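Chains as they are written, first to last, in the UniProt record's numbering: chain V, 1 to 227; chain H, 1 to 227; chain E, 1 to 227.
What follows is the structure in structure tokens.
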């Protein structure tokens with residue numbers, strides 16, 4: 001597999017860049033299992049030794065890598081160093097297909113699953129423990145400056161290909177269905193689906209525990225959805 | 001054009017990897033025409049000589065390359081060699097924007113057209129002669145293990161940007177419209193469109209010949225669709 | 001940031017290719033402001049010197065780069081040099097995630113915003129001052145030859161993830177909403193949204209000035225949209 005591990009390896013480059021800026025990676029929540037399985041059958045010893053849940057996100061998950069690139073870009077942007085911040089954004093968009101404006105403020109424990117085609121705008125704000133599938137847009141409207149992108153609460157799950165447009169608020173624990181086009185606020189604990197998106201079902205109990213939030217359970221079924 | 005043909009050429013790398021593992025490429029159905037046209041006008045002799053329908057899929061079609069990378073990854077995965085299988089998946093996702101879990105089982109004669117943004121989950125099963133446009137998701141739900149991804153029959157056509165979620169069954173010869181969000185089974189020979197997807201029109205005649213299947217004809221019009 | 005500026009820099013390569021073919025870049029409409037701000041704080045002098053609106057599109061905007069690659073590919077295609085034209089298309093699809101058939105005819109002043117996942121077919125025609133968001137498909141149907149892709153007028157705005165299928169006509173100054181699936185003609189100055197797309201609101205005044213066209217204002221709100 002050596003041919004695949006060239007010296008331009010984006011995993012290594014991104015890790016090195018982010019390591020020099022961050023001492024803390026808020027999305028790296030996986031833990032190395034004691035005695036990671038070794039199941040090699042010759043020829044892959046190096047990879048087998050590395051094997052373990054801990055290294056997965058560095059080796060395989062471009063969503064994780066793109067997010068760390070964004071955190072580096074955001075740190076540069078916050079210091080007023082716009083050119084290198086925009087360069088990092090552009091490289092992440094070319095290499096990973098994930099286009100996050102360096103001005104966006106993103107919490108910890110984020111999962112960008114599959115990640116291809118994700119676009120997040122400059123004034124977007126994302127809380128903690130949010131899961132965002134591939135092809136999701138948190139977009140603005142017009143060429144106006146100012147606060148024009150979505151505000152996403154904690155524990156939110158946004159399904160594949162959904163578009164959330166304008167300065168709307170997605171409440172804590174809300175679910176956005178795959179392919180939904182959201183143009184209005186979505187209340188805490190509710191589910192919005194369709195094009196344009198409408199709320200469905202009952203509001204979730206407000207006492208939802210952190211580990212039951214949609215962004216954590218990744219439950220994408222709309223159990224009370226009547227087609 | 002030499003600047004574009006660098007030594008990291010993914011076409012060549014993928015071809016070499018897949019050639020060492022496969023003696024048979026089930027998706028390579030094009031044939032070299034006798035006397036391929038030579039229409040160079042200086043400076044491109046090498047490319048002109050190579051020109052012919054036969055080499056198109058190796059040189060130009062990233063969907064084909066991504067699919068062969070998946071076949072190699074699937075062979076590794078089936079032998080229990082998870083790290084190199086996941087590495088191949090990750091590289092294909094970065095280079096081609098096509099994220100196919102190495103556990104997915106995919107038949108022969110598959111076309112991934114344009115291919116950017118395609119995501120196929122671990123327990124998905126795809127039959128023969130299926131055409132899948134760009135931006136299509138065959139996704140699961142939740143973090144549960146087990147059989148949680150779609151089962152797609154023979155001769156199916158899935159339009160651009162469609163999402164098929166959960167362990168649903170898409171029957172032989174069915175058509176899924178562009179942008180459809182499919183949450184329930186789709187019967188053989190029917191067409192499903194919309195968000196959420198609903199069946200439209202009449203069921204196709206069960207005697208549909210292989211060359212008339214939607215996955216082969218690529219007929220994406222919904223002739224009996226009333227807006 | 002030197003690690004990110006390797007010798008395979010696609011920005012530089014694409015610029016060199018397009019410069020050798022074009023003496024005129026119809027999409028490069030930004031102007032260098034007199035006295036571009038210099039706000040470096042050490043270590044980025046080179047980038048700071050380069051800083052200015054003028055260089056943004058060359059350094060950061062993969063949509064612009066992909067479009068220039070298409071213009072080069074289209075010039076080759078028009079001369080009957082199909083192999084290098086298809087090679088450029090394929091490389092742009094791999095590097096930028098933008099798949100434009102070299103036969104497509106595209107006007108000036110085009111913006112491909114974010115750009116990931118854009119697919120434009122062979123017989124598509126796009127006017128001037130059109131803005132196309134990421135994930136947009138201008139697609140055909142079937143494997144038939146002939147004129148089978150959309151015709152897009154001047155000043156049109158097409159929202160993120162929208163699909164326009166078949167030989168339909170999008171009139172001057174029309175707006176297509178995010179995630180819309182357009183299967184029929186859209187009249188001048190109207191807005192079409194939904195899956196399948198339907199016209200909403202009133203037709204815009206026919207005297208819309210060029211600087212008020214949706215493709216220029218990027219106004220993506222559907223002000224008279226009732227969910």
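Ideal Cβ positions, reconstructed from N, Cα and C, are used throughout, including at glycine.
Just so it is clear, the structure is predicted and the values come from calculations on it, not from any experiment.
Neighbour flag for residue i against chain V, beta carbons, 9 Å
{"i": "residue 87 of chain H", "result": "yes"}
{"i": "residue 139 of chain E", "result": "no"}
{"i": "residue 174 of chain E", "result": "no"}
{"i": "residue 107 of chain E", "result": "no"}
{"i": "residue 189 of chain E", "result": "no"}
{"i": "residue 185 of chain H", "result": "no"}
{"i": "residue 146 of chain H", "result": "no"}
{"i": "residue 97 of chain H", "result": "yes"}
{"i": "residue 151 of chain E", "result": "no"}
{"i": "residue 215 of chain E", "result": "no"}
Residue-level contact to chain H via CB, residue i, 9 Å cutoff
{"i": "residue 181 of chain E", "result": "yes"}
{"i": "residue 65 of chain E", "result": "no"}
{"i": "residue 116 of chain V", "result": "yes"}
{"i": "residue 164 of chain V", "result": "no"}
{"i": "residue 195 of chain V", "result": "yes"}
{"i": "residue 133 of chain V", "result": "yes"}
{"i": "residue 178 of chain V", "result": "yes"}
{"i": "residue 161 of chain V", "result": "yes"}
{"i": "residue 119 of chain E", "result": "yes"}
{"i": "residue 198 of chain V", "result": "no"}
Of the residues the options, the one placed nearest residue i, counting alpha carbons only
{"i": "residue 77 of chain H", "options": "H/85, H/71, H/70", "result": "H/85"}
{"i": "residue 103 of chain E", "options": "E/161, E/126, E/114", "result": "E/126"}
{"i": "residue 290 of chain H", "options": "H/100, H/146, H/122, H/145", "result": "It is not possible to answer for residue 290 of chain H, since the shown part of chain H is limited to 1 through 227."}
{"i": "residue 272 of chain E", "options": "E/217, E/211, E/212, E/153", "result": "Residue 272 of chain E is absent from the structure shown; chain E starts at 1 and stops at 227."}
{"i": "residue 71 of chain H", "options": "H/106, H/155, H/180", "result": "H/106"}
{"i": "residue 92 of chain V", "options": "E/114, E/129, E/75, E/92", "result": "E/114"}
{"i": "residue 151 of chain V", "options": "V/124, V/135, V/134", "result": "V/124"}
Alpha-carbon to alpha-carbon, residue j and residue i
{"i": "residue 117 of chain H", "j": "residue 138 of chain H", "result": "11 Å"}
{"i": "residue 81 of chain E", "j": "residue 109 of chain H", "result": "29 Å"}
{"i": "residue 60 of chain E", "j": "residue 90 of chain V", "result": "5 Å"}
{"i": "residue 172 of chain H", "j": "residue 73 of chain E", "result": "38 Å"}
{"i": "residue 166 of chain H", "j": "residue 183 of chain H", "result": "7 Å"}
{"i": "residue 67 of chain E", "j": "residue 112 of chain E", "result": "8 Å"}
{"i": "residue 122 of chain E", "j": "residue 145 of chain E", "result": "10 Å"}
{"i": "residue 189 of chain H", "j": "residue 169 of chain H", "result": "12 Å"}
{"i": "residue 83 of chain E", "j": "residue 215 of chain V", "result": "46 Å"}
{"i": "residue 159 of chain V", "j": "residue 160 of chain E", "result": "15 Å"}
{"i": "residue 62 of chain H", "j": "residue 209 of chain V", "result": "44 Å"}
{"i": "residue 141 of chain V", "j": "residue 213 of chain E", "result": "14 Å"}
{"i": "residue 155 of chain V", "j": "residue 148 of chain E", "result": "44 Å"}
{"i": "residue 129 of chain H", "j": "residue 217 of chain H", "result": "10 Å"}
{"i": "residue 163 of chain E", "j": "residue 180 of chain V", "result": "15 Å"}
{"i": "residue 52 of chain E", "j": "residue 198 of chain E", "result": "Its pLDDT being 49, under 50, residue 52 of chain E is placed unreliably by the model, and nothing is read from it."}
{"i": "residue 211 of chain V", "j": "residue 64 of chain E", "result": "43 Å"}
{"i": "residue 75 of chain V", "j": "residue 185 of chain V", "result": "29 Å"}
{"i": "residue 157 of chain H", "j": "residue 157 of chain V", "result": "29 Å"}
Distance cut-off 8 Å: residue i Cβ against heavy atoms of the ligand NAD
{"i": "residue 77 of chain E", "result": "In terms of ligand content, the structure shown is empty, and the ligand NAD therefore cannot be addressed."}
Neighbour flag for residue i against chain E, beta carbons, 9 Å
{"i": "residue 93 of chain V", "result": "yes"}
{"i": "residue 78 of chain V", "result": "no"}
For residue j and residue i, believed in contact at Cβ under 8 Å, the rounded distance
{"i": "residue 79 of chain E", "j": "residue 95 of chain H", "result": "Not quite, the Cβ-Cβ distance comes to about 30 Å (not below 8 Å), so this is no contact."}
{"i": "residue 97 of chain E", "j": "residue 97 of chain V", "result": "5 Å"}
{"i": "residue 69 of chain E", "j": "residue 88 of chain E", "result": "6 Å"}
{"i": "residue 119 of chain H", "j": "residue 134 of chain V", "result": "6 Å"}
Tell me, please, whether the stretch 187-194 of chain H touches the stretch 162-177 of chain V by the rule of three or more beta-carbon pairs shorter than 8 Å. In this structure the stretch 187-194 of chain H does not touch the stretch 162-177 of chain V; the number of beta carbon pairs closer than 8 Å is below three.
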